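Colleague: Position 191 (the sequence shown) corresponds to 191 in full-length UniProt numbering; numbering is contiguous.
Below are the structure tokens for one structure; questions will follow.
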Amino acid sequence: MTEKIRIGVIGAGIMGQQYIRIYQDHPYATVVAVAARHRERAQDVADRYGVPRATDDWHTITESDIVDAVCIALPDDEHFAATESALRHGKHVLLEKPMTTSLPEADAIVRLAEASKLKVQVAFNHRWLAPYHQGKVSIAAGEIGEPICAYARKNDTIFVPTKYINWAHQTTPAWFLSCHDIDLVTWFFNSEPVEARAWGIKRVLLAQGIDTYDMIQAQVRYANGSIATFESGWVHPNTFPTMVDSFIGIVGERGHLHFDRKRESLEMSTPEKFVYPKTFLSADVFGTLRGAFPSCLDDFITSIRKDIAPAVGVRDGRKVTAVLTAIHESLRTGTNVPVSGYTEGDTHHE
1 MTEKIRIGVI GAGIMGQQYI RIYQDHPYAT VVAVAARHRE RAQDVADRYG VPRATDDWHT
61 ITESDIVDAV CIALPDDEHF AATESALRHG KHVLLEKPMT TSLPEADAIV RLAEASKLKV
121 QVAFNHRWLA PYHQGKVSIA AGEIGEPICA YARKNDTIFV PTKYINWAHQ TTPAWFLSCH
181 DIDLVTWFFN SEPVEARAWG IKRVLLAQGI DTYDMIQAQV RYANGSIATF ESGWVHPNTF
241 PTMVDSFIGI VGERGHLHFD RKRESLEMST PEKFVYPKTF LSADVFGTLR GAFPSCLDDF
301 ITSIRKDIAP AVGVRDGRKV TAVLTAIHES LRTGTNVPVS GYTEGDTHHE
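Following this line, the structure appears as structure tokens:
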């Protein structure tokens, strides 16, 4: 394939604009359309990044003959309809994490993607971070023995659910944050998750009129006997020196790995603040966004151009949705909940 891949971006928020900027700088891709909830917003973003078409109806992107691939950067619970439409109209899809917040929808995406032979990549961009990838390589080489236990946490500042996004009430910190860690740990363990138990608390955000969990802790058991704890929250005070405290520890039979991203090798103080700036996922370097997130987007284009499987596919996305579905069912029932495995020909969603 020598011509540029024509991209339509659905969602013009923080992530959607990053998609547009990265692909407008890409040698093998170009953004031809952007959709937002409001036409004025879509046009403003289109004008800013030189996108020729703007719309408040994403169907005009998924059904368009001038679009080859669609990037879906909508709120967590709104991914399915646009993904289904794109696949039914022959478009490759790059889908923000989590793949869906509904297991029947995830099953439907797996069936559609695999029947169509189109490329669908879930943007679990942490897999492109060099430390995590090196950890996977080390585990696969047997350097720490078989992994037996993991602890993973992500804690955002309260800025995120109150200011950064306006749809926190539609999701939870587990869907928004732990999805990354569940993907990574499942990748590291190379084993199927089978059971979950979770606890959560609603207090701080509820008092501010946002009906979602402040904190969630969940334990997941895997088929090989390994266990993992996933902690997520978004009520750290805004004085915390980084927007997200991110840590993963893996214990193996004869070694361990620690991934600590609270301080991404840089700290900075001024008379007004003390911060740990985030640089690993995406940072402007000489006018171009560099890091794990742009690499994730680049590999999606490579999968289309070279007709190879995406690095993170629909089965990976479905596993994370299954674990999180079990976690939230456990929050509801106060019991251990089995993690639903995928069955060929599953007809949960019609």
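For every residue, glycine included, the Cβ atom is placed at its ideal position computed from N, Cα and C.
As the structure is a prediction and not an experimental result, all values here were calculated from the model.
#1: Can you tell me the Cα-Cα spacing of Arg88 and Ser64, whole angstroms?
#2: Enumerate in chain order the residues of its own chain whose CB-to-CB distance from Thr288 is below 7 Å, with the five nearest sequence positions on each side excluded.
#3: If we ignore side chains and look at the alpha-carbon of each, how far apart do Arg53 and Gly11 end up?
#4: For the beta strand (DSSP E) that contains Tyr151, what are its first and last residues?
#5: Output yes or no for whether 7 Å exceeds the beta carbon distance between Val320 and Asp183.
#6: Within 10 Å of its beta-carbon, does Ala228 have 16 or more other beta-carbons around it, so buried, or fewer, so exposed?
#7: Quick check on the DSSP output: what are the complete alpha helix (DSSP H) runs of length 4 or more inside the segment 87–141, in order along the chain?
#8: On a Cα-Cα basis, can you pick out the residue from Asp214, Ile201, Gln121 that is closest to Ala309?
#9: Can you check which of these residues, Gly50, Thr62, Thr162, is closest to Gly8 by C-alpha distance?
#10: Of all the options Leu257, Arg318, Ala311, which has the alpha carbon lying nearest to the alpha carbon of Tyr132?
#11: Which residue comes first and which comes last in the beta strand (DSSP E) that contains Asp260?
#12: Considering only the alpha carbon of each residue, which of Ala326, Asp56, Gln17, Ala29 lies closest to Val220?
#13: Just list the alpha helix (DSSP H) runs in the segment 277–318, keeping only unbroken ones of 4 residues or longer that don't cross its boundaries, in chain order.
#14: Tell me which same chain residues have a C-beta within less than 6 Å of the C-beta of Asn155, skipping the five on either side of it?
#15: Taking C-alpha atoms, which residue in Pro193, Phe189, Asp214, Gln43 lies nearest to Trp199?
#16: Kindly indicate which residue of His59, Pro98, Val275 has the alpha-carbon position closest to the one of Thr171.
#17: Would you check if the distance between the CB atom of Ala174 and the CB atom of Val337 is smaller than 7 Å?
#18: Going straight from the alpha carbon of Leu112 to that of Ala106, what length do you get?
#19: Taking DSSP as the reference, what is the three-state secondary structure of Arg39?
#20: To test your reading of the DSSP string, which unbroken beta strand (DSSP E) runs of 3 or more residues are found completely within the segment 206–270?
#21: Mind checking Lys273: buried by the 16 CB within 10 Å criterion, or exposed?
#22: Buried or exposed: which applies to Gly252, given that a residue is buried once 16 or more other Cβ atoms fall within 10 Å of its Cβ?
#23: Tell me the rounded alpha-carbon separation between Gly16 and Arg254.
#24: What three-state label does DSSP hand Thr55 in the structure shown?
#25: Check Arg6 in the structure and name its three-state DSSP category.
#26: Look at the alpha carbon of Ala42 and the alpha carbon of Ile158, and state the distance between them as a whole number of angstroms.
Modeller: A quick look at the data gives this:
#1: 12 Å
#2: Asp25
#3: 13 Å
#4: 147–157
#5: yes
#6: buried
#7: 103–116, 130–140
#8: Gln121
#9: Thr62
#10: Leu257
#11: 256–260
#12: Ala326
#13: 292–306
#14: Gly233, His236, Asp245
#15: Asp214
#16: Pro98
#17: no
#18: 10 Å
#19: helix
#20: 215–222, 227–236, 244–252, 256–260
#21: exposed
#22: buried
#23: 43 Å
#24: strand
#25: strand
#26: 28 Å
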